[in-house]
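In my numbering, the protein residues as written are 1343 to 2160.
All residues carry an ideal CB built from backbone N, CA and C; glycine is no exception.
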Amino acid sequence: MKNYDSKKIEPKWQKKWKSQGLYKAEDFDKDKEKFYCLVEFPYPSGEGLHIGHAFTMTGADVYARKKRMDGYNVLFPMGYDAFGLPAENYAIKMGIHPSVAVKQNTETFRRQMEELAFSFDWDREVNTTDPDYYRWTQWIFVKLFEKGLAYKEEKPINWCPSCKIGLANEEVVDGKCERCGAEATKKNLSQWIVKITDYADRLIDGLEQTDFVKKVEMAQVNWIDRKQWIDINYPIKGTDREIVVSTTRPDTNFGSTFVVLAPEHPLVSEITNPDSDLHKEVDISDETVKKVKDYVVETKKKSEVERMVIDRKKTGVFTELYAVNRIDGREMPVYVTDFVLSTIGTGAVVGVPGHDMRDFEFAQKFDLPVMRVVVGSDGDTSPVTKRGQVQEEDGKMINSGFLDGMDIHKATEKMMDYIEKKGWGKRTIRYHLRDWIFSRQHYWGEPIPMVNCEKCGWVPVPEDQLPVVLPQVEKYEPTDTGESPLAVMTDWVNTECPKCGGPAKRETDTMPNWAGSDWYFLRYLDNQNDKELADMKKMEYWMPVDVYLGGDEHNTLHLLYSRFIYQFLWDIGAVPKSIPEPYYRRVSHGVILGPDGQRMSKSRGNVIVPDDMAKEYGVDVLRTYMMFMGPFEGTMAWNDNALKGVQRFVNRFNTYIQGAADKSDKGVEVAVSKLVRKVSDDLDSFQYNTAIAAMMETLNEIEGKKISKKNAKVMVQIFAPFAPYLTEELWEILGCKGSVHVTSWPKVDESVLADEEIEIPIQINGKVRGTVKVSPDVSEKAVREAAMAVENVKKHVEGKDIKKFIYVPGRIVTIVSP
RNA sequence: GGGCGAGUGGUGGAAUAGGCAGACACGCGGGUCUCAAAAACCCGUCCUAGCAAUAGGGUGAGGGUUCGAUUCCCUCCUCGCCCACCA
C-alpha cells in the first residue's frame, strides 16, 4: 500500500490556504453566531515550538475547526507573550538586543504554527513587546494608579546575591535562584504594589458567571481563601496595653496556654528598646531584652523560605510578659518565635497545643501545659496531639465552660458572638490572597510609566505621551544596587515632571510577566486600534471568550490576574458593562511526558521536537496521534510505536477513501452515520481520543466493503479537524470544489439509523446468558418472547419460576428467577 | 498539614442519569508475502477449565445498597498534581 505523500501535499495546501483567508473572523457577522476560542499564547523561546505547544494548540485547533464547520463565526487568534527573562539572559550572554532575538523567535514560531496547520486568523496577531501593544498595558497601570489601586511601598523581596537581581516568587524554587541555584535572600526594595485584594470578594463571586471546570474554580477559591477571623485583645499583665491576637478558631480558646509573637511584631521592638514606653510600665530584665534582641537578629538572617521549612525545630524566647485570657482570667506567658509570620493575621497567635501541631511542638520545647478541648468521633482525649487534629470536622467541645457539648462550628460562632458582645474583640474577614508586587528589576519588560517629582511625588505619564518606550541600553546586566539596568540611562531617567515641569526621575523598574498577558484577549479583537485598548462595539460582539484552553499552572496566577484586570477595566467603563467576566469556559489541557515517562528536559535527553516528528511522519499523523494519546486533560507519555499505529490508520484511510465507488455496500452507510454522531458528540466535549478510536473502529468494520463517494465525503469531513492536509487533498480527489474546511459539518441521517436492529444482552440473576436482536421500538412483550426463545436462556430458566422480567428499552433484559 | 484528582490486561487507555468490563491502539505469539529483511496484510491475545459450545473468577482492599456496581454509599490503602508553619 502506498503511503500518502505528506512532503508533497503539505506545501501545496499551505500555499493555497494562505491566499484564501479561510480562517478570517468577521467582525459583526450577522448571519452567524460568534464563537471566541482562545488558547494561551506562547513565550517565543529560542528553541522553537515544543511538543506541549503543539499538543495544546492542536486541541484548540480541532475545536475551532469543528465550531467553524458547525456554522459559527469563529475567532481563533494567536500572539506572543515575549517579555521575560530568557530573552534577557540570551541578550546578556550573546550581546544581542532582546528585541532582535524576539523577532527571530516569533518568525520561527509563526512558521512552525503554519506548518502544523493551525487555523489562526493571522491578521489579528499581537505581541506584548510591541510598543503599540504595551502602550495599553501601561495605560492600564496608569488607570490603576489613578484609582488608588497601585501604590509604592518598601517591601522585602526575594533577592539573588549571585545574580544581583530581584526574583519573583515564581523564580525562587526550593529557596534557590531558578537561574544560578544560589540561595535566595530577602532585600528591602521600594516596590509598586497592586491592590488585587480589593477585588478578592468579586474574584470569588464572579466565578458564578463562568463555567470553569471544578478543579480550576476550586484552585481560585482556595488561593483567595476567604475566611472569618476574630481579633481578640488580651491585656498584658501589669500594663494598660493589649496584645491583639488573631484566630479562625476561637472555639478552642479554653485550651490556650501561651501567646506567641512574630519577631517583626511592633511589641517586640518595644521590648528590645529599653527606652520605650513599655519599659516604664513593666520590668523586663536586661538579660531577656538581650535574648530577644539576639533572637530577632538571628531571625532576620534567615530567608523566609528557611523559616517556613516544615517540621523545623521550634525556637523562641520568653519575654517575661503575661497576657490575660479574660474568658477565664488565666495568665499566659508571651514568647517571641519565628514560626509566627508577621504577614498572617496580626502577627500574634494564641497557642492551643492540644489542637495544633506547631503549638504542640512549641509547648513540648518550652514545657508548657497541653489541654484537650475538642473530642473527635474516636473519643480520644489523650493530651498528645497529631498534626491537624484541630481541623476535626465533627468534634465536640469539652473542658470549655459554656461551650461544652457543642460541635466545633457552633462553638466557634458562639465564642465569636460572646467576645464581640463583651467588647474583647472583633470579627474580621481575611484572605490568603496578597497584594500583587508589580515591580521587577529587569530590563526586558514594560517600563512602569511613572515619574517621581521632587515636588509632586509620583506622577503618571500622561496618556498622550504613552507608550514610554523601553530605551536601548548598552548593558542588560543587573546592578549591584538592586536597580533595574535602566537606572544607568541617566538621560532617559532624568525628565520633566508632567505636572509642574520641574526636574523628575522616571521609574526604572519594569512590569512583571503577567502584565502583558492580562488583557491580550481584548487586543485580538482590534489589534490596530491606536485610540483605545479595543473598540467597544467589537468587544460587545466578541466577548466573553467562549472557551479558554490553558495549563493548570496558570490557574492561580495568570487566570486570576487577568480576571482581576478585566474586572477593574469593567469598573472604569473600559470594557462592556454587559460582560462582567472575561472568560466563560476554561478547559485544562494535559501534559506530554518523554518516552521514559519523565518530564521532557534537555538534560534527560527525552525531548520530542514537533518539527522532527512532522518531517518524519507528516503533520496529519502527528496531530492525530497527539489527540489519540489519551484524554485531553491527561498526563501522557510519548510512544513512537503508537505514533506508527496512527500512521497505519491514516494510510489505510487514504487508500480506502481514494477507492470510493458509486454505491456503498450494505452496512456502510449505517456505520458512517453512527460514526458522525459519535465524533460530533466527542469533539464537542474534547474527547478526541475516543473520536479517533471510533474512526479506527469504523474503518476496521467497513474496510472490506465498498463506500460511495457521498459517504466517503462525510468520512473526509469528520476527519478534517484532525488531519487538515490529507482531507483537503482527498476532498479534491473526490472531485469537490473549494476547501473541505469551510464546508458544513455533516448531519446525522436519523432515517438511516432508524431501521437498524440493536443487540440486547439478556441477563439472568445478574449473569449475561445470551443476546437478542430487536428493532429499537419493539414492545416489551415481543422482547420477552424473543428472549425466551434463546437456547441458552431456555436452559437457565427451565423449570424455574420467573420472579421478575425487566426490559430497559434499548439497553438490557434482566430475568430474576430464584 | 490542606485542597483537587486518580487506582481497570504486559502498556496507553475505553465503558459511569447503575445495564454485555477491557472498545481503540501499542506490545507480544502465530501466519501470508519475500532468497532474506523491512514494510504491509491476516489470525490470536484478562485469568482458570475445555477442541468447542460453555462454565467459574475478575476493575487497589474490605463491607453496604440493588434484579444488576468499574460507576452510588461507608471504612481503609496507594499514587499523582497544586498549595502550605494560613494559626
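Delimiting residues of the alpha helix (DSSP H) encompassing Q1940: From DSSP, Q1940 is part of no alpha helix (DSSP H); its letter is neither H nor E.
Element boundaries [alpha helix (DSSP H), containing A1396]: 1393-1411
Limits of the unbroken beta strand (DSSP E) element including V2094: Premise fails: V2094 lies in the alpha helix (DSSP H), 2092-2096, not in any beta strand (DSSP E).
Helix, strand or coil at K1986 [DSSP, three-state]: Helix at K1986.
Burial state of A1846 (16 or more Cβ within 10 Å): buried
Any 3 or more C-beta pairs closer than 8 Å across the stretch 1947-1959 and the stretch 1379-1396: yes
Own chain, CB closer than 6 Å to Y1890, minus 5 neighbours either side, in chain order: Counting only Cβ-Cβ distances below 6 Å, and skipping sequence neighbours, we find L1380, Y1925, R1928.
A1916 to K1374 span [Cα, whole Å]: 26 Å
Close beta carbons around V1810, own chain, < 7 Å, minus the five adjacent residues each side: Q1480, P1789, P1791, V1803
Pick from S1598, K1642, M1674, I1669 that is closest to S1684, judged by C-alpha positions: K1642
Own chain, CB closer than 8 Å to I1305, minus 5 neighbours either side, in chain order: Residue numbering for the chain in the displayed model covers 1343 to 2160; residue 1305 lies beyond these limits and cannot be assessed.
Closest by C-alpha distance to Y1316, when choosing among K2079, W1359, Y2067: Outside the shown range of the chain (1343 to 2160) lies residue 1316, about which nothing can therefore be said.
K1528 to V1638 span [Cα, whole Å]: 15 Å
C-beta contact flag for Y1541 and Q1909 at 8 Å: yes
Buried/exposed call for K2146, threshold 16 Cβ in 10 Å: exposed
The stretch 2045-2062 / the stretch 2008-2022 touching (three or more Cβ pairs under 8 Å): yes
Span separating the alpha-carbon of V1601 from that of I1771: 22 Å
Under the three-state DSSP convention, the category I1535 falls into: strand
Exposure of Q1533, with buried meaning 16 or more beta-carbon neighbours within 10 Å: buried
Three-state secondary structure (DSSP) of K2146: strand
Among Q1570, N1595, V1659, W1571, nearest to T1613 - alpha-carbon criterion: First, the residue type needs correcting, since residue 1613 is Ile and not Thr in the sequence shown. Residue V1659 is the option with its Cα nearest to I1613.
Segments of 3+ residues assigned as beta strand (DSSP E) that fall wholly inside the stretch 1757-1806: 1767-1773, 1792-1795, 1799-1802
Alpha helix (DSSP H) segments (min. 4 residues) lying fully within the stretch 2012-2049: 2030-2044
Limits of the unbroken alpha helix (DSSP H) element including D1547: Segment 1542-1547, the alpha helix (DSSP H) holding D1547.
Distance, P2088 Cα to A2062 Cα: Their Cα atoms are separated by approximately 12 Å.
Three-way DSSP call (helix, strand, coil) for R1568 in this model: strand
Helix, strand or coil at W1464 according to DSSP, with G and I counted as helix: helix
Length of the line joining the Cα atoms of Q1989 and V1963: 6 Å
Of the residues T1823, S1611, T1661, C1798, the one placed nearest E1838, counting alpha carbons only: C1798
Touch test, the stretch 1872-1886 against the stretch 1497-1505, Cβ-Cβ under 8 Å, three pairs minimum: no
Per-residue DSSP class, three states only, for V1678: strand
Cβ shell of M1758 (< 7 Å), same chain only, five flanking positions each side left out: I1572, P1592, R1769
Three-way DSSP call (helix, strand, coil) for S1904 in this model: helix
Beta-carbon gap between V1678 and V1624 smaller than 8 Å: no
CA nearest to the CA of C1522, picked from L1427, I1626, D1698, I1438: L1427
Residues near G1490 by beta carbon distance below 7 Å, same chain, minus five either side: The beta carbon of G1490 lies closer than 7 Å to none in the same chain, with the five residues before and after it left out.
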